[in-house]
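K.L.:
In the numbering used here, the protein residues as written are 122 to 372.
Provided herewith is a single structure, encoded as structure tokens, for subsequent inquiry.
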């Protein structure tokens, strides 16, 4: 499904430590394969920053989504500690804070460009494979929206692309188990999408084997009875959005 490349500005002492001889078989050491070479970025690959635009309703809605993710940080970290490395909440909350901070630079009045802008922001602020995959999700959704698809159709296209690149599918015990049914029900309204997301998330607690993500390395006993934290995040997001919509409708 591809490769992962990690880049960081190493100090000379870091390089010395990484290339030093070691005994453990799990760390065979680092070896340079070629001399460093600086190459100019080819035309067309430089990210194009979207033109900012204002839209009060979109700004409020997107801010609310970010606040929902930030509010569940501690709960998701605790849940992830049972089947992963305990950082799902922070992985989602950090980019949410960054997105709020970047609101003035987003094309809020152009939803097609907004999807792409969110993807670009996530690619720079969200760590791990989740950041890469969600960046792909929103970028693909933007491409789909540009062809005239509805929001549900565009997001579904983004999900399909994310599955193609990442390899995870329905039933693999990931956020897709909540996101796919939620998007399938979205045309029926947020309450239906929220119910579908919750059912999908709850089902992950019955899955004793994960086929993707960090949980794939966890024993069956530690997975049984625990909802996948990514799926839980999706379910809570849709539930909160549904509740807010219901409250607004009653006013």
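Backbone N, C-alpha and C define an ideal beta-carbon position, used for all residues, glycine too.
In this text, all values refer to a predicted model and were calculated from it rather than measured experimentally.
(1) Helix, strand or coil: how does DSSP classify residue 250 here?
(2) Please classify residue 174: does DSSP put it in a helix, a strand, or coil?
(3) What does a CB cutoff of less than 6 Å around residue 276 pick up in its chain, not counting 5 residues either side in sequence?
(4) Flag this pair as yes or no: are the beta carbons of residue 300 and residue 363 separated by less than 8 Å?
(5) Please name the residue in 201, 140 and 125 whose C-alpha comes closest to that of residue 150.
(6) Looking at the strands, I want to know which residues DSSP matches up with residue 228.
(7) Take residue 365 as the anchor and find which of 147, 181 and 144 has the nearest alpha-carbon.
(8) Using 8 Å as the threshold, is the C-beta distance between residue 284 and residue 302 below it?
(9) Rounded to whole angstroms, what is the Cα-Cα separation between residue 267 and residue 228?
(10) Which same chain residues, not among the five before or five after residue 256, have their C-beta less than 8 Å away from its C-beta?
(11) Quick check: the Cα distance between residue 158 and residue 286, rounded to an integer number of angstroms?
(12) Determine the direct distance from the alpha carbon of residue 171 to that of residue 356, and round the result to whole angstroms.
(13) For the alpha helix (DSSP H) holding residue 276, just list the boundary residues, first then last.
(14) For residue 244, which of helix, strand or coil comes out of DSSP?
(15) Judging by CA-CA distance, which residue of 138, 155, 154 and 156 is the nearest neighbour of residue 148?
(16) Given that a residue counts as buried once 16 or more other Cβ atoms are within 10 Å of its Cβ, and exposed if not, what is residue 360?
(17) Report, in whole angstroms, the separation of the C-beta atoms of residue 249 and residue 212, which I expect to be a contact under 8 Å.
(18) Please classify residue 206 as buried or exposed, where buried requires at least 16 other C-beta atoms within 10 Å of its C-beta.
(19) Hey, residue 354 and residue 197 are a contact pair by Cβ (cut 8 Å); roughly how many whole angstroms apart?
(20) With a CB to CB cut of under 6 Å and the five nearest residues on each side skipped, what residues in its chain are close to residue 189?
(21) Go ahead and pull the three-state DSSP assignment for residue 196.
(22) Spatial neighbours of residue 291 within its chain, please: C-beta separation below 7 Å, excluding the five flanking residues on both sides.
(23) So residue 125 is in the alpha helix (DSSP H); what residue range does that whole segment cover?
(24) Can the beta-carbon of residue 348 be found closer than 8 Å to that of residue 318?
(25) For the candidate residues 281, 169 and 271, whose alpha-carbon lies nearest to that of residue 237?
P.N.:
The short version:
(1) In the three-state reduction of the DSSP assignment, residue 250 falls in the helix class.
(2) Residue state for residue 174 is assigned as strand, using DSSP reduced to three classes.
(3) Around residue 276: 262 and 304.
(4) No.
(5) Selected option, being the one with the closest Cα: 140.
(6) According to DSSP, residue 228 bridges with 174.
(7) Closest option to residue 365, Cα to Cα, is 181.
(8) No, these two residues do not count as a Cβ contact at 8 Å.
(9) Approximately 14 Å, taken between the alpha carbons.
(10) Once the five neighbours on either side are set aside, the close Cβ partners of residue 256 are 240, 241, 243, 244 and 247.
(11) C-alpha separation (whole angstroms): 29 Å.
(12) Distance between residue 356 and residue 171, taken at the CA atoms: about 30 Å.
(13) Under the DSSP assignment, residue 276 falls in the alpha helix (DSSP H) whose first and last residues are 272-287.
(14) Helix, per DSSP.
(15) By alpha-carbon distance to residue 148, the top candidate from 138, 155, 154 and 156 is 138.
(16) The residue in question, residue 360, is buried, as its Cβ has 16 or more Cβ neighbours within 10 Å.
(17) The Cβ separation is near 6 Å, so the contact holds.
(18) Counting other Cβ atoms within 10 Å of its Cβ, residue 206 stays below 16 and is therefore classed as exposed.
(19) Distance from residue 354 to residue 197 at the Cβ level is roughly 6 Å; contact confirmed, criterion being Cβ atoms closer than 8 Å.
(20) In the same chain as residue 189, and ignoring 5 residues on each side of it, the C-beta atoms closer than 6 Å to its own belong to 358 and 361, in chain order.
(21) Helix.
(22) Cβ neighbours of residue 291 beyond the five flanking positions: 297, 298 and 301.
(23) Counting along the chain, residue 125 sits inside no alpha helix (DSSP H), nor does DSSP assign it H or E at all.
(24) No, these two residues do not count as a Cβ contact at 8 Å.
(25) Comparing Cα-Cα distances from residue 237 to each of 281, 169 and 271, the minimum goes to 169.
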